[in-house]
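Number 248 in the numbering used here belongs to position 99 of the sequence shown; there are no gaps in the numbering.
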Amino acid sequence: MCDRETVFVYGSLRKGMPQHHLVSGSPFLGYGSTAPAFTLYDSGDWPAAIATGGTAIYGELYDLSIPELALVDAYERHPHFFCRKRVKLADRRITSIWIYTLDIPDHWMRIGTGDWVRYAADA
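So this is what it looks like as structure tokens:
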């Protein structure tokens, strides 16, 4: 296992969001989007991605140490709530990143743009 992992955050861990402090001490690698293979939903308090659909998700990339990754895993309740899985960025500049996904109940609102921060600002 590597001693560092690239994690893609798209909701409450992004800059300006409530839980950003969990990744703010880690190197910020830039902004990016996933390949268009997801659907993003609004739970009411935070977004959740499912690994089906045709939407790219927009977010931020961080280089986390294994202990930092464990803290984010605990926050996301991986693997019992969100599940961390490997995906590719749309531009393929980083070939393998981690993203947290979830199985979504039918009553949640779909976020068609794939951008939680923009969606929340417009609400």
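Virtual Cβ for every residue (Gly too), placed ideally from N, Cα, C.
Model, not experiment: these values are computed from the prediction.
Asked, Found
"Reference T250; option with closest CA among I215, L210 and K234", "K234"
"Any 3 or more C-beta pairs closer than 8 Å across the segment 170 to 181 and the segment 215 to 230", "yes"
"Beta-carbon separation (whole angstroms), T183 vs A269, contact threshold 8 Å", "With a Cβ gap of about 19 Å, T183 and A269 do not count as contacting."
"Closest residue to A272 among D191, S245 and Y224 (Cα-Cα distance)", "D191"
"Residue range of the unbroken alpha helix (DSSP H) whose run includes V266", "W265 to D271"
"Beta-carbon contacts of R153 that lie in its chain and below 8 Å, excluding the five residues immediately before and after", "D212, L213, S214 and I215"
"DSSP three-state assignment for L251, whether helix, strand or coil", "coil"
"Three-pair Cβ contact test at 8 Å for the segment 151 to 168 versus the segment 198 to 211", "yes"
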